[in-house]
Amino acid sequence: MLSRELWKLKVSLPGAAEHRDHLLIAHDLLQRENSELETKVLMLLQEFEQLNHFTVGKKTAAANLITSENTCKDLVPKIPVLGVDIQSLKEEEEELCPELGENMQKEVPEKAVKEGTFPREGQKEEDSQQNQEMTNEEQQLTLQPEEVMRLREELSLMNQSLLQSQSSGDTSEDSSAQYPPSGEKLKYQQEEVQQLHQNLHRLQTLCSSAEKELRYERGKNYDLKQHNSILQEESIKIKIELKQAQEKLLDSSKMCCSLTAEWKHCQQKIRELELEVLEQAQSIKSQNNLQEMLAQEKSKVADAEDKILDLQQKLEHAHKVNLTDTCILEKKQLEERIKEAIENEAKIKQQYQEEQQKRKLLDQNMNELQKQVKILQEKESLLEMTSSQQQIKLQQQKAQLKELENEKRISDEHLKSNQELSKKLSVLQQEKEALCEENEHLLKQFDLYMRNYNQKYQYYKVKLHRVKDRLVDEVELRDERIKQLENEVGALRQQMEKEKAFQHQITTQNDILLLEKRKLLEQVTEQETLINSNKWMISSVQSRVLVLDEENKQLQKNSLQLTQEVDLLEHIIKSIQIHRGEETTVCDIRESEVLNKIMYLPNSSFSGMGSVESAGSLQETEEQRLEETVADPKSLKSLSCSQNSEAGYINMASVKETHLIQK
């Protein structure tokens with residue numbers, strides 16, 4: 016059982032080491048992602064600086080100012096969100112660092128159990144690396160609020176520059192209303208608008224990519240938190256398994272003690288059994304001696320019976336001899352002999368009686384011996400049974416002895432392993448005490464670090480409150496500026512209404528001119544003869560008409576391009592409104608109306624320039640014709656007709672342009 020548990024511990028220890036490696040890899044990935052985020056934030060800062068330079072250099076374009084304001088308004092709330100996300104990532108990394116340290120401290124004693132020694136040098140190196148990482152993170156945390164403050168200062172400068180540019184844009188609009196710009200300025204403004212559109216698109220793509228990356232990194236951080244929770248659960252399980260293994264080791268040590276006591280008790284039993292076996296062998300030897308004595312006594316009894324039979328035969332023979340003696344001497348001898356025989360007989364009788372008594376005693380002894388033999392036989396059978404049982408027991412005890420010897424060997428090995436483990440445990444306890452002291456020292460350092468961090472956090476929090484107050488003031492100023500712009504928009508609407516009334520007057524005049532043109536055409540049919548004489552003048556007028564047609568086509572193309580750009584700007588403004596929410600919808604719609612009106616103004620000014628230029632060219636042609644008519648009074652009528660037709664054509668072109676702009 017102990018070997019299995021130790022094997023399980025050996026198997027689980029490399030798994031814990033692998034988990035530690037995974038945690039270190041995850042920490043490295045977080046650091047890399049954090050560095051990537053910082054680089055992206057720096058890229059955004061660079062782009063903001065480029066936008067600042069770009070907007071400062073282009074103060075005259077009102078549309079550029081509006082679009083840059085919208086982009087800045089959209090990006091201003093995203094910058095604190097990015098800063099908060101970065102701070103949250105830093106806090107998560109700081110949370111992961113102590114967890115990694117705890118896991119390292121938990122896994123190092125497990126490796127020490129596996130290897131028998133505690134890697135102090137590796138731990139010192141890892142502690143130094145962790146301290147370096149903590150210092151780097153502190154530096155990064157101190158740098159990040161400075162970067163946020165720098166960003167906010169740059170944004171405030173951008174807003175100030177935008178307000179200045181708006182004011183300069185208003186002055187430029189007033190000046191443009193007084194003095195219409197040329198075609199080169201229009202092209203320059205169109206190029207600036209395109210560049211601003213491109214920059215806006217780039218900023219939007221960068222913001223969307225940054226948001227996606229932040230979401231992806233938040234998902235990664237959530238996955239890492241789940242992974243850390245799983246690792247903590249596994250570390251808790253490993254702790255429980257270690258406690259169970261320690262309890263099992265204690266149980267095994269207790270079992271070893273009990274086995275040693277049982278082994279000693281078994282040794283005592285074996286000694287007692289050996290003594291019993293010796294006693295039984297001695298009893299068997301005594302029984303064998305008794306059986307030999309019985310056999311000797313049986314042989315002696317048989318010899319005595321044979322002697323008695325011989326004596327009886329001799330007595331009978333003596334009686335026969337005594338009867339047959341014929342001589343008195345012989346009688347005397349016989350008498351003497353009889354006397355002797357009687358004496359002998361008495362002696363013999365006495366002997367016989369003694370022998371009978373002895374025989375009786377022997378019979379009694381025989382009976383007793385037979386009884387003893389039976390008893391001994393019974394005892395012998397019992398002893399044989401007991402000896403067989405004892406042999407079986409001896410065999411069993413020999414098997415038990417072998418098992419006990421094997422168990423003794425195993426217990427000796429376990430005792431040795433327990434002694435080694437106890438030594439290792441003592442070493443581990445000493446190292447654990449050293450680690451506890453180091454951990455207390457690290458906790459004290461961590462408390463100092465946390466106090467410093469909290470102080471810095473409160474300091475930066477106060478700074479953020481100040482910045483928020485400044486931003487609130489700036490927002491109030493911006494709201495006032497928006498109200499001013501709304502008032503200006505109302506004034507522009509009044510101007511538009513006046514322009515519409517003026518356009519209505521122009522249309523009525525154009526209708527009158529058309530009627531006059533019809534009358535003139537009737538007169539032209541009557542005066543074809545005069546027209547044939549003035550073909551050269553008509554061809555010049557036609558060439559001028561073609562030039563005017565080409566100019567009208569160019570103006571139509573420019574107006575279509577401007578309408579397309581206005582549609583794109585409206586689409587961008589709608590997308591920005593969706594992100595910003597319902598609160599800023601009214602403001603954005605008003606700004607888009609102002610944009611459209613500002614975009615319409617240069618077109619009208621351009622058409623005015625074209626009309627002025629065409630009017631100038633017509634005046635020159637009229638002066639030439641007047642000089643010719645001074646020479647030819649007949650051509651006065653044709654000049655008046657051509658002047659009326661050219662004026663009507665110019666008025667119609669201006670009406671068409673106004674209709675296209677309104678569409």
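Numbering (the numbering used here), first residue to last: 16 to 678. Quick reminder that beta carbons are idealized off the backbone N, C-alpha and C, glycines included. In this text, all values refer to a predicted model and were calculated from it rather than measured experimentally.
{"Check": "Contact between the stretch 305 to 316 and the stretch 426 to 441 (3+ Cβ pairs under 8 angstroms)", "Outcome": "no"}
{"Check": "CB-CB length for K264 against L436, believed under 8 angstroms", "Outcome": "Reading the sequence as shown, one finds Leu at residue 264 and not Lys. The pair is a contact, with the Cβ atoms about 7 angstroms apart (cut-off 8 angstroms)."}
{"Check": "Distance CB(W278)-CB(L397) smaller than 7 angstroms", "Outcome": "no"}
{"Check": "Minimum C-alpha distance to Q379 - residue among E331, E501 and V316", "Outcome": "V316"}
{"Check": "Residue closest to V208, alpha-carbon to alpha-carbon, out of I588, L500, H586 and V581", "Outcome": "V581"}
{"Check": "Which of helix, strand or coil DSSP assigns to Q542", "Outcome": "coil"}
{"Check": "Counted within 10 angstroms of its Cβ, other Cβ atoms place S426 as buried (16 or more) or exposed", "Outcome": "buried"}
{"Check": "Nearest-angstrom beta carbon gap, L583 and H212 [assumed within contact, 8 angstroms]", "Outcome": "7 angstroms"}
{"Check": "Beta-carbon proximity list for K652, same chain, < 6 angstroms, skipping 5 on both sides", "Outcome": "A caution first: K652 carries a pLDDT of 43, below 50, which makes its placement in the model unreliable, though a value can still be read off. Excluding residues within five positions, none has a Cβ falling inside 6 angstroms."}
{"Check": "Exposure of I253, with buried meaning 16 or more beta-carbon neighbours within 10 Å", "Outcome": "buried"}
{"Check": "Inter-residue spacing [alpha-carbon to alpha-carbon] between Q415 and Q259", "Outcome": "32 angstroms"}
{"Check": "Ordered list of alpha helix (DSSP H) runs contained in the stretch 562 to 586, each at least 4 residues", "Outcome": "none"}
{"Check": "Status (buried if at least 16 other CB within 10 Å, exposed otherwise) for E232", "Outcome": "buried"}
{"Check": "Any non-hydrogen atom of the ligand FAD within 6 angstroms of Y468 CB", "Outcome": "Absent from the structure shown: the ligand FAD. Ligands present: none."}
{"Check": "Residue ranges of each alpha helix (DSSP H) within the stretch 484 to 550, 4 or longer", "Outcome": "543 to 548"}
{"Check": "Given 8 angstroms, three or more beta-carbon pairs between the stretch 401 to 410 and the stretch 283 to 296", "Outcome": "yes"}
{"Check": "Per-residue burial, L376 [other beta carbons within 10 Å of its own, 16 or more giving buried]", "Outcome": "exposed"}
{"Check": "Straight-line Cα distance separating V292 from Q404", "Outcome": "12 angstroms"}
{"Check": "C-alpha gap between I591 and K498, whole angstroms", "Outcome": "21 angstroms"}
{"Check": "Buried or exposed by the 16-neighbour rule on C-beta atoms within 10 Å, applied to V163", "Outcome": "Low confidence applies to V163: its pLDDT is 48, below 50, so where it sits in the model is not reliable, and the reading given next is rough at best. So V163 ends up on the buried side."}
{"Check": "Spatial distance of S558 from K550 (CA atoms)", "Outcome": "12 angstroms"}
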